[in-house]
Each structure stands twice: as structure tokens, then as C-alpha cells.
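Residue numbers (full-length UniProt numbering), protein chains in the order written: chain A, 1 to 342; chain B, 1 to 342; chain C, 1 to 342; chain D, 1 to 342.
No residue lacks a Cβ here, since even glycine has one placed at the ideal position from N, Cα and C.
Here's the structure, in C-alpha cells; my notes come after.
Protein chains: 4
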Amino acid sequence: MVKVGVVGYGVIGQRLADGVALQEDMELVGVADVSPTLAVRALKEKGMPYDLYIAVPENKELFDKAGIPVSGTLEDLVQKVDVILDATSAGVGARNKELYKKYNKKAIFQGGEKNDVADVFFHGYANYEKGLGKQFLKLTSCNTTGLIRAVDCLDREVGIEKVAITIIRRVADPGDYHRGLTNALQVDKAPNHQAVDLMTIMPHVDATGILVHTPVTHGHIITVVATPKREIGKEEVLKYFNQHPRIRVVRLADGFLGNASLFRYARDLGNPRGDMYEIAVFEETIVNSGKDIMFAINIPQEAVVIPENMDAIRAAMEMQTDRLEAVALTNKYLGMGKWMEK
Amino acid sequence: MVKVGVVGYGVIGQRLADGVALQEDMELVGVADVSPTLAVRALKEKGMPYDLYIAVPENKELFDKAGIPVSGTLEDLVQKVDVILDATSAGVGARNKELYKKYNKKAIFQGGEKNDVADVFFHGYANYEKGLGKQFLKLTSCNTTGLIRAVDCLDREVGIEKVAITIIRRVADPGDYHRGLTNALQVDKAPNHQAVDLMTIMPHVDATGILVHTPVTHGHIITVVATPKREIGKEEVLKYFNQHPRIRVVRLADGFLGNASLFRYARDLGNPRGDMYEIAVFEETIVNSGKDIMFAINIPQEAVVIPENMDAIRAAMEMQTDRLEAVALTNKYLGMGKWMEK
Amino acid sequence: MVKVGVVGYGVIGQRLADGVALQEDMELVGVADVSPTLAVRALKEKGMPYDLYIAVPENKELFDKAGIPVSGTLEDLVQKVDVILDATSAGVGARNKELYKKYNKKAIFQGGEKNDVADVFFHGYANYEKGLGKQFLKLTSCNTTGLIRAVDCLDREVGIEKVAITIIRRVADPGDYHRGLTNALQVDKAPNHQAVDLMTIMPHVDATGILVHTPVTHGHIITVVATPKREIGKEEVLKYFNQHPRIRVVRLADGFLGNASLFRYARDLGNPRGDMYEIAVFEETIVNSGKDIMFAINIPQEAVVIPENMDAIRAAMEMQTDRLEAVALTNKYLGMGKWMEK
Amino acid sequence: MVKVGVVGYGVIGQRLADGVALQEDMELVGVADVSPTLAVRALKEKGMPYDLYIAVPENKELFDKAGIPVSGTLEDLVQKVDVILDATSAGVGARNKELYKKYNKKAIFQGGEKNDVADVFFHGYANYEKGLGKQFLKLTSCNTTGLIRAVDCLDREVGIEKVAITIIRRVADPGDYHRGLTNALQVDKAPNHQAVDLMTIMPHVDATGILVHTPVTHGHIITVVATPKREIGKEEVLKYFNQHPRIRVVRLADGFLGNASLFRYARDLGNPRGDMYEIAVFEETIVNSGKDIMFAINIPQEAVVIPENMDAIRAAMEMQTDRLEAVALTNKYLGMGKWMEK
């Protein structure tokens with residue numbers, strides 16, 4: 001059993017902890033945070049299923065006041081684990097790294113950290129082998145993680161030369177009050193970082209793109225114009241997507257009209273927090289543009305990176321050396337692709 | 001065991017079915033709907049925990065095509081149960097009523113139906129006794145249900161003469177594409193129907209109010225200016241709200257900043273669908289206005305009426321004749337008020 | 001002086017009337033509508049700068065009650081003019097056409113009508129010649145009008161073979177209460193009609209695309225991936241766009257961050273209604289994707305079609321037979337491209 | 001002619017400048033800002049109708065690069081004027097005050113500054129006399145300004161003892177990208193500052209209230225529960241509002257459905273920037289709540305404070321000593337109340 005700690009118990013950290021708890025070959029030792037946030041209060045109301053460590057010992061009093069039991073400090077947690085999933089705010093991970101080095105522990109950082117925090121920039125499906133045995137890995141961001149799933153899926157089948165992507169980005173998560181946009185679309189400088197990151201992970205693909213922020217909370221939508229190495233039609237594209245356990249093909253005709261339908265569906269499935277680990281492809285958006293193929297995908301930003309984080313633990317700890325064996329275990333424990341059996 | 005059927009498996013119907021399934025003294029016989037909606041597809045993906053009956057037999061082919069097993073027709077379902085929870089679209093319930101009469105079954109309608117569909121306009125806490133043994137009950141709408149909880153709570157303690165309410169209404173549920181509002185506040189004619197409905201349930205209170213629609217999806221917020229029969233301060237108000245198992249007092253200072261915080265918190269609690277049965281009172285909004293008392297509450301529109309529907313079954317079926325005994329059982333089976341024990 | 005009538009005094013009709021009033025070689029005879037809408041009430045409060053005709057004579061009483069002077073019926077208006085700009089709701093134009101035929105008048109329909117309502121599907125810059133002397137013209141919709149401006153601009157310079165477009169559509173206009181979307185992105189079936197329409201106007205270009213609705217009101221944003229006949233870089237693209245009087249190149253660095261910045265800027269310019277006739281290209285979004293060129297444009301949906309409607313009058317009435325002469329006059333009278341002189 | 005300078009050329013500053021330019025007994029000497037913002041670029045594109053002074057001389061190069069002519073520094077401007085309207089960001093006005101003192105000039109600050117920046121907290125209609133001859137005045141914020149107009153209107157007629165207000169606040173202005181809220185309602189601590197400010201201006205009224213932020217941009221909506229000194233019905237309330245040149249009574253039945261209708265109407269009126277100086281009362285919201293009166297008003301946040309700022313100049317410069325004479329001149333030059341003549 002690989003022992004895992006989660007540092008930063010926010011939107012991503014909570015889901016990482018839940019994901020680790022589901023992996024039968026891992027043990028979640030505990031989670032750490034700096035103050036009694038709503039997430040920590042919910043942990044308490046649930047009866048403390050995970051032990052809590054505090055990252056800023058001076059804040060102990062705040063936790064006491066809120067009646068929240070504390071099992072130790074962040075430094076205590078680090079010593080008890082084999083590997084840390086660091087899901088702190090951007091920049092904090094780089095500082096925490098010193099602590100992980102001090103105790104010679106492995107750590108996996110999220111997309112918000114700078115690339116040089118890690119030895120390798122990692123994606124479970126696209127470059128699993130590069131992560132094998134490394135001490136510090138950095139995951140791709142939510143958009144890039146989902147985008148690469150789709151592009152890698154086609155690339156392994158037919159070869160992809162080039163992608164031009166348009167990211168229609170949700171600007172905040174449900175419940176965010178510290179950021180937002182009201183009745184405005186905001187355009188970013190091109191190329192967006194997701195295209196650049198895709199090229200770092202998949203250096204044989206030429207990628208560029210434009211990102212537009214939109215005032216919604218339930219999932220990014222990305223349109224992809226991909227240039228394949230050989231001609232490929234809608235049916236073939238559908239076939240490959242349908243075989244991928246982290247890609248769910250959905251139909252507008254069935255009522256999947258956009259990001260909010262997928263969020264509702266995940267809630268109605270009874271998924272914890274209404275989360276969905278899969279990206280979705282909208283079947284009716286797949287069209288040819290000359291020899292290019294164009295399609296739209298949905299990225300559930302809160303949960304999409306969880307599977308690739310589990311993969312990263314497998315790679316860093318060399319739990320599996322084979323890519324497909326590793327992702328298959330992650331998928332199994334997370335219950336991914338079960339809809340494919342039907 | 002009282003046998004219950006749920007007709008209409010949409011936003012409310014799904015939650016009613018889940019609520020009934022939790023009542024240890026009731027049996028959920030099945031649910032009915034007209035077509036393979038996303039909610040029905042989710043039911044199938046979950047492995048059909050509830051039997052499905054179809055309301056429009058001609059649509060059978062649609063269900064077959066989607067691979068969804070059907071246990072019979074709506075008429076079959078009605079014959080198998082003691083009581084129906086009708087959660088169909090406004091107006092459909094009135095038509096369905098003929099079927100319920102044909103088989104002499106009891107039925108409980110939701111707030112969207114006209115009042116004359118039922119023998120009594122019902123609220124679990126406020127007028128439980130009026131529902132005892134009745135054949136047809138109509139529940140108050142989500143806003144009115146939550147509002148009455150708060151007003152009835154104070155009324156039973158100090159007496160309330162008059163309320164002037166401002167409803168800041170969420171305009172759609174998460175995942176709704178058939179209705180919406182974009183960058184606009186919409187004002188309705190006063191008094192709003194919620195004030196009128198409150199007076200129907202609590203005829204000794206004078207109520208009026210203004211309703212403004214806002215382009216959000218996570219919970220209505222209502223401000224109440226209540227005139228009590230005797231002077232009452234913030235501490236006393238807080239005491240009464242804190243004792244009520246269907247009212248949760250929350251603090252801005254703890255991070256409960258509005259309707260979206262409560263939705264996030266319910267997701268983080270692991271509540272199915274991220275639902276919350278309780279209304280919330282924002283502690284820091286309680287102020288005196290002369291001898292009046294003013295405060296703001298949050299109404300989680302998707303789930304708030306579930307407890308009162310369970311109460312309605314208890315009343316209609318005369319499972320309990322005592323109001324407090326009835327609501328206590330509902331609360332127990334739904335797990336309400338557990339936070340109060342800590 | 002060509003005599004013009006505007007039928008339908010809504011969002012588009014009001015702006016068409018204002019546009020005609022600015023053309024020194026046209027005379028606005030009057031406008032027609034069915035009831036005393038807010039737009040008609042504003043016309044009255046301004047002192048009736050335009051004569052008003054009513055399309056439904058039975059509604060005369062409503063106008064009287066609101067104190068709004070009426071100059072006659074729609075049928076009266078049709079008889080007084082040479083050409084009608086029909087800006088009624090989709091489908092109404094097709095019915096009105098019978099009246100225009102009865103009096104043998106020319107008419108120009110908007111993008112919401114079906115193509116077969118007209119003899120030619122028209123765009124001022126792209127196919128002016130096709131409209132010359134025709135009785136019935138149909139304009140492209142707002143998105144298509146703006147999109148074709150950009151594509152035609154490059155096509156005339158370097159030749160465009162193919163475009164793959166992503167339309168990030170604003171879902172309602174400011175002040176719309178009859179339609180809207182709340183916290184959701186909605187995906188449409190591909191290809192979108194704008195791509196199909198572009199191919200009707202520019203049959204030598206292969207076009208496809210995906211459209212996503214977003215809950216905002218200030219302008220659509222379109223990303224275009226265009227395949228030119230020869231290699232072309234950002235500087236050359238910029239040069240062509242900068243020379244076009246109906247295209248405004250703006251910089252994120254100057255504060256033009258998206259559709260809402262452009263709306264604010266138009267208000268601050270003192271443009272009537274805060275309107276902008278030009279599309280905008282965001283300079284920092286222009287990038288190469290292999291030999292393709294990618295960029296993002298903004299479409300101010302309320303006013304963008306006004307210039308091409310003026311062009312259409314010029315073509316239908318054969319006021320100018322030369323394309324560039326015609327559009328130059330429209331531009332001059334609308335004050336377009338003045339910023340280019342500085 | 002009183003010489004006026006406007007410092008801070010943002011949302012409020014631009015409108016103050018336009019307002020001063022319309023006052024026939026004032027002269028707008030110039031406006032000042034720190035950098036070539038979009039507002040300043042629009043000023044340039046309009047041909048510099050107002051002279052521009054720069055507040056940070058070191059930024060001169062930025063203006064030169066953008067081709068924007070500069071007439072001097074802020075210090076130059078201050079020396080040329082009799083009175084400054086300071087519309088800088090909150091806190092900057094307090095620093096600028098030192099400069100105004102150095103040259104012994106009068107200055108009027110906006111609602112964002114702290115009260116102690118000024119000798120008097122001012123509202124044109126409610127306490128004009130207090131501003132007479134003072135050196136430093138501070139205006140009430142947009143919400144408070146509009147709210148006091150309505151409360152003062154009734155107070156002068158029947159006497160108001162107490163108000164309980166609910167502010168449904170728009171969270172950003174059209175074009176704002178630096179702040180926003182997405183799919184959330186945010187609740188503030190009670191009482192809100194607007195209630196407290198109202199009591200500072202009208203000390204004989206007891207006021208409290210709750211403020212809820214909503215993700216829209218076109219106008220705040222406030223519901224007021226007012227306790228009058230004698231019984232008063234809807235007709236009488238309407239009569240007083242209808243007589244007030246800064247209050248516009250509108251009807252839902254006519255199509256004024258909320259804040260966005262009013263914004264659209266102002267655009268359709270041809271008002272510069274689509275602005276409206278008046279608050280609006282929604283006629284169908286006026287109801288009695290026992291002996292209290294309840295109603296909803298709309299506050300056009302961008303422009304509502306302009307008239308009271310003009311009043312403030314009149315008071316500070318003692319241009320008129322009589323309150324009604326002063327506000328009448330402001331109204332006349334701004335064209336307010338013209339709709340009342342019809």
C-alpha cells in the first residue's frame with residue numbers, strides 16, 4: 001500500500017483525497033490545510049473520515065474554536081507518507097517543495113505551479129513512461145488534461161499533425177466568490193497556454209489556439225480542429241472516442257445540450273459532489289473541415305484531473321511500469337468506463 | 001408500510017423518490033415519466049434502483065430504443081400504491097387526478113398546480129392537522145415552503161402579525177436550458193403569490209411582498225421584515241431558529257457568503273445531488289427595524305419541499321396524528337438536524 | 001432621393017431607421033409596428049422624429065391610449081415608398097411579402113427569414129453585384145454578416161480555401177426578457193447555419209463550424225481558422241484588416257478585453273444607443289496554425305447589419321452599379337472608418 | 001461662470017464632465033486622469049471635446065505614444081478652476097485633497113471616499129442647505145442617492161419614521177472586467193451602509209436593511225418598506241412620485257420589466273451612453289403592508305449621482321441659496337422631468 005497525503009483541501013484537494021481513498025492499492029494518510037474553510041467544516045460535519053493536519057500551526061486556535069480535531073502539522077503528515085499530492089494555490093507548492101525535499105518524499109504538483117517545479121510535466125495517457133520513478137511530477141491543468149485525452153486518443157490511432165483549439169472557458173467554480181465575470185466574454189492573447197502545454201507533452205503535434213472566458217461555472221467547452229495524418233471520417237472518430245474509458249460520447253438528441261446538462265446528469269447519477277471524471281464529446285459536433293476533423297468536448301474542471309493524478313502516483317512510485325496497466329487500475333478503482341459495458 | 005408512487009421524474013420527482021426510499025415506514029413502488037429524459041437515462045445507468053412506469057404507453061418504443069426497462073404503465077403504478085406524489089409539470093397533475101380518483105387513491109400535488117386541485121393546501125410544520133385523512137393535498141411551492149418554516153418558527157414562539165418579504169428568486173435550476181434570464185433583474189407585480197399563499201396557510205398573518213427574478217441557479221434568497229406581537233431581539237430569534245431541525249443558521253464569517261456557498265457545502269458534505277433539505281438563515285443579517293425583526297434566508301429550491309411532502313404522506317395516510325411526531329419521523333429518516341447534535 | 005420605409009421597429013428596425021435617416025441620398029418615409037412597444041414609446045418621448053404607421057389597424061386604440069400619434073397603416077406606408085426594409089420577427093416578413101408584391105415594391109428581408117423569401121441572398125462587400133436591380137433581397141444574419149466581412153477581406157487579397165469557425169454566441173440582447181440562458185453553455189449541431197450561409201454567398205470557400213451559446217448580451221465572438229491559398233503571416237493579415245472601413249483592429253493591451261469593452265467604448269464614443277457598426281479583430285489573437293491563419297473577431301449583433309442593409313438598398317434600387325462606390329457611400333454617411341484617418 | 005475641473009475620467013468622471021458641460025452657468029475647464037484608458041482613447045477619437053490633464057506626469061510618454069494631446073498636469077488644472085469634482089478611485093480623493101487645500105479650492109468627493117474627507121455629507125434634495133459655502137462635500141453613493149430621492153420625496157409629504165430596505169445590487173458596470181460574480185448571490189452583513197448613510201443625511205428616520213449582490217450590470221433594484229407618520233395608500237404615493245423630476249414612474253404593463261428594460265429604453269431614447277439620470281418606481285409594486293408602504297425602485301448606477309453632483313457645485317459655490325431653485329436649474333440643464341410635461 002502506497003501511503004499518500006493530500007496538501008491543500010480545496011476544490012481539487014478534496015477530490016484528490018476522495019480519489020486516493022478509492023484506490024485499493026493506496027492508503028490516504030491524511031489531508032492538510034491552513035484554516036477552517038467550508039471544506040474543512042464539511043469534513044467535520046461528515047465525522048472526520050480523513051485525518052486533518054494543519055499547514056500553519058499558529059492557526060491551531062481557529063480549528064479548536066470551530067471544534068475541528070487536528071492530527072498534527074503538515075510536517076508530521078509529510079513524514080508519514082510516501083508521496084504527496086500538492087493541491088495548494090499556485091506558487092505555494094513551490095515553497096512546500098522544500099519540505100518534501102527535506103524528507104526526501106515524492107510529490108505531485110498541479111497545473112497552477114510553474115513547470116520548473118517538477119522533473120517532468122505529466123499526463124497519464126500521453127506520457128506515462130516519462131513519469132516512472134521521478135521524484136517531482138507536475139500535472140497538466142484541467143483544460144489541457146481533457147484536451148490531451150481527446151487528441152492523444154486520435155493521435156495513437158491515426159496520427160495528429162496539428163490542432164487549432166478554441167477554449168470556451170468557465171470562469172469560476174460553483175461556490176466561488178473570490179473571482180467571477182459578469183455579462184462579458186474575455187479574450188486572451190494567443191496562443192493559449194493549453195496549446196503550448198500540449199506541445200510540451202506531445203512534441204510531435206503543432207498546436208495553437210484562442211481562449212475566451214465566459215461567465216459560467218459548469219465545465220469548459222473546447223472546439224478542436226485537428227489535422228490527421230490520413231483522412232478520417234466521423235464514424236471512425238466516434239469509434240475511437242467510444243473505446244476510451246475517460247471519454248464519454250453524448251448526444252444533443254438525448255438531452256446533453258451543453259456543460260450544464262452534464263453537471264446535472266452527474267448529480268442525477270448520484271456521483272459524489274455531482275462530479276464527473278470523464279470528458280464528454282458531443283456526437284453531433286463532429287464534422288470534417290476538408291481533411292481536418294472538428295469536434296467539441298466538455299471538460300468538468302473540478303474533477304477531470306483526478307484520474308491523471310492517480311496515474312501520476314502509479315508512475316512516480318513505479319507501482320506499474322506499463323502505461324495501459326496503470327491507467328486501467330486507476331479507471332477500475334474510480335469506476336470509469338462502466339457505462340461502456342452496457 | 002405505506003406504498004408510494006412518484007409520478008413525474010424530473011427535478012422534484014427524482015428527489016421525492018429518493019426521499020420516500022429513505023422513509024423506513026414507506027415503500028417506493030415505482031416512478032413514472034413520459035419519455036427517456038436525462039433523469040431516466042441516469043436511472044438506467046445506475047442500474048434501475050427504482051422501477052419505471054410510463055405515462056404515455058405510445059412512447060414505449062423510445063424507452064426500448066434507449067435500452068431502458070419498463071415495468072408497466074402509469075395506470076398500473078396507480079393501482080399498486082396507496083398514495084401518489086404527483087410531481088408533473090403544472091397542469092398535468094389536474095389531469096392525472098382523474099386517474100387517481102378512478103382507483104380511489106390519495107394524491108399529493110406540488111406548488112405548480114392550482115389550489116382547487118386539492119382538498120387542502122398543506123405545510124408540514126404549519127398546518128399538519130388540516131391534512132389528516134384528506135384524499136388530495138397540495139404542497140406550497142419551494143419559496144413558500146421555506147418562508148413558512150421561518151415565519152411559523154417565530155410565530156409559534158412570539159406570534160407574528162405581519163410580514164413584508166422580498167424574494168430574490170433564482171430563475172432556473174442547474175442544467176435548465178428551457179428557461180433562463182441573462183444579465184437582467186425582472187420585477188413581478190406585488191403582492192407576490194408566496195405572500196398570498198402564506199396567508200392561506202397562516203390566515204392570522206398579514207403578508208405582502210415583492211419578487212425579483214435574478215439570473216442564478218443556486219437557491220432563492222428572501223428577506224423578511226416581520227412584525228412580532230412583542231419585542232424580540234437578535235439573540236432570541238437566533239435561539240428559536242437554532243432549535244428548528246429544518247433551519248440551519250450559518251455565518252458569513254465562516255464562509256457562507258450566499259446561495260452558492262450553501263450549494264458547494266452540500267456537495268462537499270457528500271449529500272446526494274449536492275442537495276440540502278434545510279433552509280439557511282444568515283446570522284449576520286438578523287437586525288431590528290424598530291420593533292420589527294429583519295433577516296435573510298436561503299431556499300434550496302430543488303430539495304426544500306421534500307420533507308414537507310413526506311409529512312403530507314403521513315398526514316394523508318394518518319400514519320401519525322400528532323404534528324410533531326410526524327415531522328420528527330420525517331426528519332429522522334432524512335437525516336435532518338444532525339448538525340444540531342454537535 | 002430613394003424613399004424608404006422600415007417595417008418592424010424593434011432592435012434591428014430602430015437601427016435601420018436611424019441608418020436610413022443618415023443616408024443623404026435616401027428619405028425615411030416612416031416606420032411601422034404592431035403595438036406600442038417600449039421602442040415606440042421612446043419614439044414618442046423623443047417627439048416623433050419618424051412617422052409611425054401601424055401594421056395591425058385594430059390596435060389603433062392601444063396607440064391612442066398611450067398618446068402616440070399614428071400616420072396611417074402599413075399598407076399606406078408601402079404605397080409611399082420605393083423600397084421596404086422588413087425587420088419583423090422571423091416568418092412575418094414572408095407574409096408581408098404579399099403586400100409588397102401587391103404594390104410592386106422592392107423589399108429587403110433580414111437573416112431570420114428563409115432564403116426562398118428572396119431572389120438573392122446578399123452581402124454588401126461579398127456579392128453586391130448579385131443584388132443589382134433585384135426586387136427581393138435577403139440579408140445575412142448578424143454573425144454571418146460580420147464573419148463574411150473578415151473572410152471576404154482576406155479572400156480578395158490572398159484567396160481563402162477553407163474556414164473552420166467557432167461561434168461563441170451571445171444569447172440575448174440587452175433588455176431581452178423573452179429569451180435567455182442562465183449559467184450554461186449550449187452546443188448546437190454542426191455545421192452551424194453561419195458556415196452554410198457563408199458558402200452560399202462565397203461558394204468557392206469550404207466552411208464548417210460549431211456554435212456555442214453563452215449567457216451574455218454584448219456581442220458574439222468568433223474564432224476563425226482560415227486556410228489561405230498562399231502562406232500569409234500576422235503582419236500581412238493585420239495590414240488587410242486595417243485597410244477595411246468596416247473592420248476595427250483593437251488591442252487587448254489597450255484595454256479592449258472582449259465584447260463588453262467594445263460595448264463600453266461605443267457608449268463612451270457617444271454613438272447613438274452605444275452601437276458600433278464595425279466588427280473588431282483582436283490583434284493579439286492572430287496566430288499561424290501551420291499554414292492556416294487563426295484569429296478572433298467581435299460581432300456587435302444589434303448594429304452590425306445596418307451598413308449591409310444600406311448597401312442592399314443601393315443594389316436593389318441600382319443607385320450605384322459599382323460595388324466599391326456603393327459601400328463607400330454607405331460608409332461615408334454612417335461615419336465608418338473615420339478612426340482610420342488618424 | 002463657475003469653473004469646474006473633473007479629476008478621474010472613469011465611469012463616473014466621464015458622466016460628471018458631460019453633466020457640467022450641459023450646465024449653462026458652469027464652464028468645464030478640463031478633465032484629468034492617470035493613463036490612456038479606454039475612456040481617454042474614446043475622448044481622443046471624439047476629437048478632444050474636453051481638455052485633458054494628466055495626474056501622473058511621468059506617464060506623459062504613454063499618452064504621447066497613443067497620440068493623445070495633453071493640456072497640462074493635474075496641478076495645472078486645479079489652479080485654473082473654482083471647484084473640483086473628484087471621481088477618482090476610493091482613497092485617492094483623500095490624497096488629492098492636499099492639492100486642493102494647497103490652492104484653496106473647493107472639492108466634491110464621491111461616495112467611495114470616507115466621510116471624514118469632507119465637511120458635509122451631501123444630497124441635493126435632502127440637505128442642500130448644509131452644503132452652502134462649504135469647502136469639501138462628499139456625495140452619497142449611487143444606491144443611497146437614489147434611495148434618498150424616494151424616501152425624501154415621501155418624507156416631505158407625509159413624514160417617514162422608519163425604512164427597512166433590501167438592496168438587490170448589480171455587481172459590476174457594463175464593460176467591467178476587474179470585478180464580477182458568476183452564478184451566485186452574495187449576502188452582506190446587516191445593516192448595509194446605505195441605511196446608515198441615509199440616517200446620516202436624514203437623522204429623523206430609522207433605517208436598516210440587507211444587501212444582496214447579484215450578477216448583473218444594469219441597475220440596482222431596491223425594495224423599501226417605509227413606515228409613514230400617517231396612513232397613506234398607493235394612489236397618494238404615486239401622486240408624489242409622479243411630481244418629482246428625478247423619479248420616473250414606470251409600468252410593468254408597458255414593458256418596463258426590470259433594470260434591463262430601463263437601460264434599453266434609455267438607449268432607445270438616444271440618451272448619451274444610454275444613461276438615465278432618474279430613478280424609476282415600478283408602479284405595480286406599490287402595496288400596503290399594514291400601515292407601511294412597500295415599493296421597488298431602480299437605480300441606474302452609472303449616472304444617477306450626476307444631478308446631485310451638479311447640485312453640490314451650486315451649494316458649495318453658493319450659486320443658489322434656495323434648495324428648490326438650485327435643483328430646478330440642475331434639472332433644466334440636464335433635461336430632467338421633460339417626460340412629465342406630456
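Rounded to the nearest angstrom, how far is the Cβ of residue i from that of residue j, given a contact under 8 Å?
i         : j         : result
CYS153(A) : VAL305(A) : Not a contact, Cβ separation roughly 17 Å.
PRO215(A) : VAL216(C) : 6 Å
Do you know offhand how far residue i's Cα is from residue j's?
i         : j         : result
GLY47(B)  : PRO36(B)  : 15 Å
GLY52(C)  : GLY13(C)  : For clarity, residue 52(C) is Leu in the given sequence; the question names Gly instead. C-alpha separation (whole angstroms): 12 Å.
ASP292(D) : GLY131(B) : 34 Å
GLN79(A)  : TYR103(A) : 7 Å
LEU77(C)  : ILE279(C) : 33 Å
ASN115(B) : ASP173(C) : 37 Å
GLU24(A)  : LEU329(A) : 9 Å
TYR128(A) : GLN135(A) : 14 Å
THR223(B) : VAL92(A)  : 40 Å
VAL249(A) : ASP86(C)  : 43 Å
VAL151(D) : GLU325(D) : 20 Å
ILE313(D) : LEU62(D)  : 32 Å
THR208(C) : ILE165(C) : 6 Å
LYS338(A) : ASP275(A) : 15 Å
Are the Cβ atoms of residue i and residue j separated by less than 8 Å?
i         : j         : result
ASN331(B) : PRO300(B) : no
THR285(A) : ILE210(C) : yes
GLY54(A)  : ASN309(A) : The sequence shown places Ile at residue 54(A), rather than the Gly named in the question. No, these two residues do not count as a Cβ contact at 8 Å.
ARG246(C) : TYR277(C) : yes
VAL81(D)  : VAL29(D)  : yes
ASP268(B) : ALA39(A)  : yes
GLY72(D)  : ALA90(D)  : no
HIS218(D) : ASN183(B) : yes
GLY133(C) : ASP311(C) : no
ILE168(C) : ILE221(C) : yes
Can you tell me which of the three DSSP states residue i falls into?
i         : result
MET319(B) : coil
GLY159(B) : coil
ALA94(C)  : helix
GLY255(C) : coil
LEU52(C)  : strand
GLU27(A)  : strand
VAL249(C) : strand
GLU268(B) : It should be noted that the sequence gives Asp, not Glu, for residue 268(B). Helix, per DSSP.
LYS138(A) : strand
ASP206(D) : strand
Closer than 7 Å: is that where the CB of residue i sits relative to any heavy atom of the ligand FMN?
i         : result
GLU278(A) : Inclusion of the ligand FMN in the displayed structure is not the case, the ligand content being empty and no account of it being possible.
Task: Contacting positions in the stretch 275-307 of chain D - beta carbon closer than 9 Å to chain B - done: PHE282, GLU284, THR285, ILE286, VAL287, ASN288, SER289, GLY290, ASP292, MET294, PHE295, ALA296 and ASN298
Task: Contact set between the stretch 166-178 of chain A and chain B, restricted to residues whose Cβ is under 7 Å from the partner - done: PRO174, GLY175 and TYR177
Open item on the list: Taking beta-carbon pairs under 7 Å, can you tell me which members of the stretch 201-214 of chain B lie near chain D?
Closed with: ASP206, THR208, ILE210, VAL212 and THR214
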